[in-house]
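Student: Take the sequence shown: its position 126, counted from the start at 1, is 126 in the UniProt record's numbering, and no numbers get skipped. Note that beta-carbon positions come from the ideal geometry of N, C-alpha and C, so glycine has one too. Since this is a predicted model, take the numbers as computed values, not measurements. Handing you this structure, nothing more for now.
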Amino acid sequence: MLCRILLADDYPLFRAGMRALLEKQQEYEVVGEAGDGQAAIELASRLKPDIVLLDMSMERMNSVAALKELALRAPRSKVLMLSMHTDTHFVMKCLQLGAHGFLLKTATVLELELALKALRHGGQYLSSAVVPLVVNQAVRQSQEPPARSSQVALTARQLEILRLIARGETTRSIAVGLNLSVKTVEAHRSQIMHRLRIHDIAGLVLFAVREGIIQIND
């Protein structure tokens, strides 16, 4: 089955290039294009695409407002944010509002393919340049887990380890801090990834941000 994609960017030339790139791959179908945020919401609500490629800077409706509306009107559509810049606060805000990934427009074709594949299979994706920013921001936040953590299908120990991973702690430092062996921490990390169906650190950080396991200042 083809993965249905909606392109939302205010530059027609960028949309044309992205469409041409995607149409070369047999597994993707571009079902619509939007030149501003309001049009993106209306098309997503009607077409119900699998993935929305949403530009960070949109006219008529900014991307934060667009994300909120997409969550209400096209809740099954995965949103991959596109941007030329790495504003840490904005990245974190988008993740909190339900974005499934963040990709820089300077990314390679291979990275775009990896991001789309991750979202298509139920995962998340962060551009490699964004991961350190997210981790550094997480490190500065409170170590106390919020109440929402109880909603996640992980044990208390797994949540504790996930929170430390998302804050940028190494396996060895986690082991020392929790008085566990390195192998035990690695086993917990493997179980966390298996339960969440996430297979990289970037995905774990993104999950922790979106679920409120690490607290992000507004």
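Measuring CA to CA, which of L154, D87 and R60 is closest to F207?
Tutor: In the sequence shown, counting from the first residue as 1, residue 207 sits at position 207. Out of L154, D87 and R60, L154 has the C-alpha closest to the C-alpha of F207.
Student: Just to confirm my understanding: we take V109, look at its own chain, exclude 5 residues before and 5 after, and list those with CB closer than 7 Å. What are they?
Tutor: What you label residue 109 is simply residue 109 of the sequence shown in a count that begins at 1. Cβ within range, chain order: L21.
Student: I need the straight-line Cα distance from E69 to R195, nearest angstrom please.
Tutor: Numbered from its first residue, the sequence shown carries residue 69 at position 69. Numbered from its first residue, the sequence shown carries residue 195 at position 195. Cα to Cα, the separation comes out at about 29 Å.
Student: Leaving out five residues before and five after Q191 in sequence, what residues of the same chain have Cβ atoms less than 7 Å from its Cβ?
Tutor: As a working note, residue 191 is residue 191 in the sequence shown. The residues are Q158.
Student: At the level of alpha carbons, what is the spacing between M61 and L80?
Tutor: What you label residue 61 is simply residue 61 of the sequence shown in a count that begins at 1. What you label residue 80 is simply residue 80 of the sequence shown in a count that begins at 1. When rounded, the distance between both Cα atoms is 17 Å.
Student: Assuming R172 contacts V182 under a Cβ cut-off of 8 Å, what Cβ separation, rounded to an integer in Å, is found between them?
Tutor: Within the sequence shown, numbered from 1, the residue matching residue 172 stands at position 172. Within the sequence shown, numbered from 1, the residue matching residue 182 stands at position 182. Yes, R172 and V182 are in contact; Cβ-Cβ is about 6 Å, under 8 Å.
Student: Going by DSSP, what residues sit across from F102 in a beta bridge?
Tutor: On the sequence shown, position 102 is the one that residue 102 refers to. M81 and L126.
Student: Could you give the first and the last residue of the continuous beta strand (DSSP E) run that contains I51?
Tutor: Along the sequence shown, read from residue 1 onward, the residue named residue 51 stands at position 51. It spans I51 to D55 - the beta strand (DSSP E) in which I51 sits, taken as one unbroken run.
Student: Can you list, in chain order, the residues of its chain with a C-beta nearer than 8 Å to that of I174? Leave out the 5 residues immediately preceding and following it.
Tutor: Walking along the sequence shown from the start, residue 174 turns up at place 174. Around I174: I161, L164, I165, L180 and V185.
Student: Counting only the same chain and skipping the five closest in sequence on each side, list residues whose C-beta sits under 6 Å from that of T202.
Tutor: Locating residue 202 in the sequence shown gives position 202, where the first residue counts as 1. It is worth fixing the name first, because residue 202 is Ala in this sequence and not Thr. Cβ within range, chain order: L126 and V131.
Student: Identify, in the order they occur along the chain, each residue of the same chain with its Cβ nearer than 7 Å to the Cβ of V135, setting aside the five sequence neighbours on each side.
Tutor: By one-based count along the sequence shown, residue 135 stands at place 135. Hits under 7 Å: G168 and V205.
Student: Per DSSP, what kind of secondary structure is E29 in: helix, strand or coil?
Tutor: Here residue 29 refers to the residue found at position 29 of the sequence shown. Correct three-state label for E29: strand.
Student: Considering only residues of the same chain and omitting the five flanking positions on each side of S63, which have a CB-CB separation below 8 Å?
Tutor: Locating residue 63 in the sequence shown gives position 63, counting from the first residue. Result list for S63: G37, L54, D55, M56, S57, M81 and C94, in chain order.
Student: For the alpha helix (DSSP H) containing A44, list its first residue and its last residue.
Tutor: Taking the sequence shown and counting its residues from 1, the one referred to as residue 44 is at position 44. Start and end: G37 to L47.
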